[in-house]
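Top to bottom, those sequences are chains A, B and C. Convert by adding 19 to the 1-based position in the first sequence; the result is the number in my numbering. Convert by adding 4 to the 1-based position in the second sequence; the result is the number in my numbering. Convert by adding 4 to the 1-based position in the third sequence; the result is the number in my numbering. Where a beta carbon is used, it is the ideal one built from N, C-alpha and C, also for glycine. Bear in mind that the values here come from a model prediction, so they are computed numbers and not experimental data. Heads up: the structure comes next, in structure tokens.
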Amino acid sequence: MIARFTRLMSASVVKKQIMGLTGLLLCGFLVGHLAGNLLIFVGAEYFNAYGHALITNPLIYVAEAGLGVLFIAHLGMAVRLIMENHKARPVKYYLKQPTGRGSTFASSTMPYTGTLTLIFLVLHILQFKFGPVYTIVHGGVEMRDLYKLVVEFYQSEVAVLWYVVCMISIGVHLTHGFWSAFQSLGFHHPSYTPLLRKISVGFAVVIAGGFASLPIYCYFQGGM
Amino acid sequence: MSDGNMNLKLKVWRQKNTKDAGQMVDYSLEGVSPDMSFLEMMDMLNEKLVNEGQDSIAFDHDCREGICGMCSMMINGQAHGPKDLTTTCQLHMRSFKDGDTVVVEPWRARAFPVMKDLMVDRSAFDQIIAAGGFVNVNTGNAPDGNAIPISKENADLAMDAAACIGCAACVASCKNASAMLFVSAKISQLALLPQGEVEGEERVRSMVSKMDELGFGNCTNEAECEASCPKGISISNIARMNRQYFTSAIKAK
Amino acid sequence: MTIKKLDGKIPDGPVDQKWNQHRFNMKLINPSNKRKFKVIVVGTGLAGASAAATLAELGYQVDAFCISDSPRRAHSIAAQGGINAAKNYPNDGDSVWRLFYDTVKGGDFRAREANVYRLAQVSNSIIDQCVAQGVPFAREYGGTLSNRSFGGAQVSRTFYARGQTGQQLLLGAYSAMMKEVHKNRIKVFTRREMVELVVIDGKARGIIARNIITGELEKHSADAVLLCTGGYGNVFFLSTNAMASNSSAAWKAYKKGAYFGNPCFTQIHPTCIPVHGENQSKLTLMSESLRNDGRVWVPKAQGDKRPPNEIPDDERDYYLERVYPSFGNLAPRDVSSRQAKYAVDQGRGVGKSGYAVYLDFRDAIKRDGQKAIADRYGNLFDMYQQITAENPYEVPMRIYPAVHYTMGGLWVDYNLMSSVPGLFVLGEANFSDHGANRLGASALMQGLADGYFVIPYTLGNYFATEKPEKTPVTTEHPEFEQALKSSASRFEQLFAVNGKRSVDSFHKELGHIMWEYVGMARDEEGLKKAIGLIQNLRKEFWKDVRVTGSDVGVNLELEKANRVADFIELGELMARDALERKESCGGHFRVESQTEDNEALRDDENFCHVAAWEFQSVDTAPLRHIEELKFENVHLSQRSYK
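Written out as structure tokens, the structure is:
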């Protein structure tokens with residue numbers, strides 16, 4: 020059984036399917052995360068209550084572990100694929116030009132946008148999950164004042180800029196990654212696939228734009 | 005059509021044999037007619053080299069009408085040159101301008117060692133076909149050709165995939181040197197026809213595992229293969245292969 | 005000069021029973037004994053690949069040799085239009101007998117009746133076999149196979165896969181072959197060129213092959229050798245053949261005692277893209293199927309240089325429709341080619357060079373719409389546009405005849421065995437089934453018939469009768485050493501000349517001589533002149549050819565030199581054969597022998613035979629043997645497509 024599993028995991032087709040599947044699930048996470056964070060616009064109380072509900076739910080550990088596995092699988096597979104692909108062409112071309120009819124900026128920069136995302140992610144967790152702990156009482160319950168933490172953090176132009184750049188990078192990553200996942204999983208249709216590629220761009224704009232709006236909003240909320 | 009002949013500068017990869025390191029060598033060629041095909045231009049250069057007592061440039065070519073799949077060549081960094089749906093032999097010099105520098109290199113992939121100059125060994129493709137790219141039917145075993153009706157749509161889709169000429173431009177143009185377009189085209193052709201469908205699951209597993217074993221890279225869905233394919237084979241075939249492989253791998257005993 | 009009357013070993017009985025009877029009478033090899041026999045198959049086109057696959061399926065050990073990097077690249081791949089079969093699916097009156105009749109008549113009564121009948125008989129099984137292999141033939145909306153019509157026939161019997169039928173059939177045969185490679189029953193030797201036939205005790209027992217990559221000469225032994233090496237159209241330098249298509253394997257066999265049948269029978273295909281310049285390396289065919297919808301014309305007036313679309317209908321001469329009202333634009337190839345030549349000779353040719361006629365789709369597009377035409381011929385139109393930079397949807401194509409196929413080839417008997425026992429010749433490489441002219445969509449049929457359905461039977465009979473396994477030979481045999489040495493010394497000689505002229509310059513000169521004197525129209529004076537010119541060219545070649553590089557590793561110049569040396573000798577034989585055949589028939593048109601309206605005039609009294617040439621020495625004239633042709637089922641008549 021183990022031999023069968025490793026054999027399956029080493030098949031090129033399966034490797035890219037794992038990339039696609041984990042990528043899509045991470046897209047799902049992004050949607051959830053964005054939806055929750057947009058509560059900032061509603062008000063500090065709601066945002067903090069949402070954070071509190073998440074942190075105090077015992078299932079959070081399961082969810083975090085799940086997310087961790089997804090990230091590691093996506094990342095680990097990416098590293099493995101990049102190394103294998105590098106080996107598949109030991110002598111490089113003297114001159115190589117894209118046809119202009121196939122690859123896109125997004126598709127050819129996946130490893131770079133991916134790496135940037137990884138760096139962002141590590142810093143992001145350090146900055147917020149393991150950042151300074153402020154508390155506040157809403158409705159008689161003491162909880163972490165994440166709102167204050169976020170607004171305070173994004174008083175720095177550098178922090179806002181970094182965040183926005185990283186979101187653009189994730190957006191670029193998604194424009195290729197989203198439809199590409201469907202292709203890897205075996206979905207292709209002469210009319211739906213072109214549509215899906217447009218949806219990819221739309222999805223990327225929503226995610227990147229949605230997230231990027233947060234620190235900008237926070238920046239202007241400063242001094243309150 | 006212009007009557008003006010062109011002068012070209014060429015940078016051509018020269019390599020004595022598989023073990024030789026190889027290098028780019030500069031040549032210049034005068035009086036190239038825009039009506040000539042790219043290979044006729046190479047013939048002209050070779051004729052010049054022979055007259056100067058030099059070794060001619062080895063390159064693969066045969067039918068010169070775009071169907072045998074023998075000609076290869078990365079031209080200015082693109083497989084079969086700049087025009088879409090065109091093999092090197094069907095690329096005409098009217099696509100170039102007087103004074104252009106043209107860079108000519110062999111296909112590059114671990115699975116395709118260079119044999120000499122611009123010639124590479126593509127026998128890996130034969131090995132993949134031998135792993136399962138066929139219908140197991142012996143001569144004499146066939147029912148009447150019309151015994152099993154095949155919808156025109158599927159017959160046409162199968163033909164689209166079967167149009168592959170095995171030139172390996174897909175591998176050459178893929179940044180990962182992946183062979184998935186070639187492999188999936190054969191898998192699709194046979195999967196779309198009732199005759200080939202019978203062995204479909206076994207076929208997709210054995211062909212994919214042979215492809216992996218031979219050291220081709222992995223697909224990242226950039227579609228450069230489709231864009232540089234002289235026959236316009238679609239990456240929808242890759243999706244079909246992915247789908248088939250998944251179900252087949254799970255069901256395999 | 006002793007003239008032998010050759011025996012074609014045609015079985016007795018009525019023509020429609022011969023093959024069935026013969027199959028029953030032939031001896032069999034026990035299935036478990038088949039693995040003791042080894043067969044060498046040279047060439048992996050339709051004939052070679054189908055033979056290799058089928059023989060391996062039966063249990064024989066097969067060594068297959070191909071000149072390219074893969075068996076899939078053989079030039080059968082370039083056949084566009086289709087493959088004939090007598091299925092009569094369209095219910096338009098076809099039958100085995102009609103296909104047989106059309107093919108004999110199309111070949112201008114210079115083919116064996118029995119062979120052609122067998123070909124028509126197995127044609128249906130070929131279609132079934134190819135469908136079973138997954139060949140994606142064109143289909144109707146109801147899911148059944150689609151047919152179209154082709155030159156020389158009034159029924160629709162041509163099966164096709166877009167404009168790539170040859171490719172699809174070859175890939176089918178190739179995949180059947182790879183299936184046997186998978187089972188270790190076929191060993192494929194790629195990038196090998198056969199440079200010598202090894203004959204031991206009068207039987208073909210092996211070959212010397214040159215490894216094109218390393219330059220090494222290799223010895224390969226077997227119990228029988230199958231030559232499936234295609235035709236020799238490249239004698240003309242410019243032809244529709246692939247660059248590597250060559251006659252050397254057949255020529256070596258000829259020099260080892262295999263007779264060469266009807267070498268002068270070459271087919272000039274009417275619809276090729278015209279020559280554009282001196283640096284041109286090959287000609288590109290536009291499928292004959294285009295003549296289903298395209299109309300061939302030239303201006304009525306000489307030297308009319310107006311753009312085609314400005315020439316009104318009443319000033320156009322649709323000459324094929326005018327001269328052949330019942331076949332019109334679908335007249336057979338030889339007839340159509342010659343009419344194009346007449347038009348050009350009269351100064352009515354079109355295009356810059358004047359060596360072209362129009363093939364016009366204006367009316368078809370008007371009738372069926374551009375989309376329907378694009379569905380049928382899209383890839384051909386694209387190809388035309390790529391080469392000429394003209395859009396055939398808007399301006400008529402310019403076409404001109406070009407050398408395309410050689411009906412002649414090594415002489416074989418009914419069992420496909422040459423005059424060297426154990427040496428079998430299949431497909432275009434043999435002379436057998438097309439007579440003096442091949443009909444469209446018949447080459448694919450013949451190659452596959454030979455490989456799938458004829459050789460598996462006749463080779464077994466040869467083994468069972470001759471029992472070559474009783475006298476096993478290995479490559480240690482002195483004949484192999486001898487053959488290896490003579491091959492090696494030939495390559496050394498090619499280097500040793502160390503002259504000044506490139507190989508291609510000789511090839512081009514040979515091509516000019518052949519096209520001028522042994523082309524579409526031949527006469528005694530010209531042929532005699534050609535023989536002299538070719539002999540001089542041969543001497544000049546061996547005095548002044550320049551082969552650069554070394555014999556170790558890839559050397560394209562050396563490969564070409566070896567082939568061109570053989571082409572020169574073969575060219576001379578073609579001219580000799582054309583000179584001796586003082587009649588016109590099919591693709592062989594002797595100016596001295598024509599009807600009042602310039603059609604080919606046969607001389608059945610004196611030339612109703614196959615000429616089979618026996619090699620003497622390079623400087624001695626070869627012997628011309630004959631095999632009488634008897635027509636018992638098809639009445640010898642003047643061909644008429646009017």
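Beta carbon proximity, residue i to chain A, threshold 8 angstroms
i       : result
Q82(B)  : yes
D125(B) : no
M215(B) : yes
K20(B)  : no
D104(B) : no
Neighbourhood of residue i by C-beta, 7 angstroms cutoff - its chain only, sequence neighbours within 5 removed
i       : result
S6(B)   : Any reading at S6(B) needs caution, since the residue's pLDDT is 44, under 50, leaving its predicted position unreliable; the model's value is listed next. Hits under 7 angstroms: P38.
L294(C) : T275, L363, Y381, L384
N140(B) : E203
D73(C)  : T194, R195
R320(C) : W301, P303, K304
Residue i: contacting residues in chain B (beta-carbon distance under 9 angstroms)
i       : result
I459(C) : Per Cβ cutoff of 9 angstroms: no residues; I459(C) is ~11 angstroms from chain B at best.
K191(C) : In chain order: nothing, as chain B lies at least about 12 angstroms away.
Close Cβ partners of residue i (< 6 angstroms) along its chain, the five nearest in sequence each way excluded
i       : result
G190(A) : A223, A227
P117(B) : T22, D125
V100(C) : A90, A124, Q125
Y258(C) : F264, F619
G237(C) : S243, N245, V407, T410
Of the listed residues the options, nearest to residue i (C-alpha basis)
i       : options                            : result
N266(C) : V638(C), L633(C), Y645(C), S641(C) : L633(C)
E43(B)  : Q284(C), F154(C), W101(C)          : The sequence given here has Leu at residue 43(B), not Glu. If we check each option's Cα against that of L43(B), Q284(C) comes out closest.
I190(C) : A615(C), G444(C), L59(C), G530(C)  : L59(C)
D11(C)  : F545(C), E483(C), L627(C), D417(C) : D417(C)
S175(A) : Y238(A), A54(A), T41(A), R99(A)    : Y238(A)
R261(C) : N465(C), V424(C), V477(C)          : With the sequence shown as reference, residue 261(C) is identified as Gly, and Arg is not the correct amino acid for it. The shortest Cα separation from G261(C) among N465(C), V424(C), V477(C) belongs to V424(C).
Q306(C) : I315(C), E528(C), H273(C)          : I315(C)
R166(C) : Y178(C), D581(C), S291(C), A180(C) : S291(C)
T552(C) : M40(B), A115(B), L53(B)            : L53(B)
Y461(C) : K256(C), N34(C), P18(C), G17(C)    : N34(C)
Same chain, Cβ closer than 8 angstroms to residue i, five either side skipped, listed in chain order
i       : result
R143(C) : L149, S150
P151(A) : L168
H629(C) : I7, K8, K9, L10, Y263, A615, A616, W617, E618
CB contact below 8 angstroms: residue i versus chain B
i       : result
S293(C) : no
Y108(A) : According to the sequence provided, residue 108(A) is Arg. The question's Tyr does not apply to it. Chain B contact via Cβ: present.
Y236(C) : no
A117(A) : Correcting the residue identity first, residue 117(A) is Pro in this sequence and not Ala. It does: the Cβ of P117(A) has a partner Cβ on chain B nearer than 8 angstroms.
L27(A)  : yes
I33(C)  : no
A180(C) : yes
M247(C) : yes
K111(A) : yes
Beta-carbon neighbours of residue i, restricted to chain A and to distances below 9 angstroms
i       : result
A166(B) : Going along chain A, no residue has its Cβ under 9 angstroms from A166(B), so there is no contact; the nearest lies around 18 angstroms.
Beta-carbon neighbours of residue i, restricted to chain B and to distances below 7 angstroms
i       : result
G138(C) : V139, Q193, L194, L197, Q199, G200
F206(A) : A243
Distance cut-off 7 angstroms: residue i Cβ against heavy atoms of the ligand MN
i       : result
E117(C) : For the structure depicted, the ligand MN is absent and the ligand set is empty, with no information on it obtainable.
Within chain B, partners of residue i - CB distance below 8 angstroms
i       : result
L175(C) : A166
Partner residues on chain C for residue i, Cβ-Cβ distance less than 7 angstroms
i      : result
V54(B) : S506, R550, T552, E561
Chain-ordered neighbours of residue i on chain C, where CB pairs are closer than 8 angstroms
i       : result
T143(B) : S54, A57, T58, E61, Q133, A180, Y456, F457, P460
D148(B) : D132
As an exercise, report each continuous alpha helix (DSSP H) stretch of at least 4 residues that is fully enclosed by the stretch 65–127 of chain A, in chain order.
78–106, 124–127
Whole alpha helix (DSSP H) runs in the stretch 329–415 of chain C with 4 or more residues, listed along the chain?
337–349, 366–372, 374–392
Going residue by residue through the stretch 88–150 of chain B, where are the continuous alpha helix (DSSP H) segments of at least 4 residues, counting only ones entirely within it?
127–134
Curious, which full-length beta strand (DSSP E) runs of at least 3 residues does the stretch 210–254 of chain C contain?
221–225, 228–231
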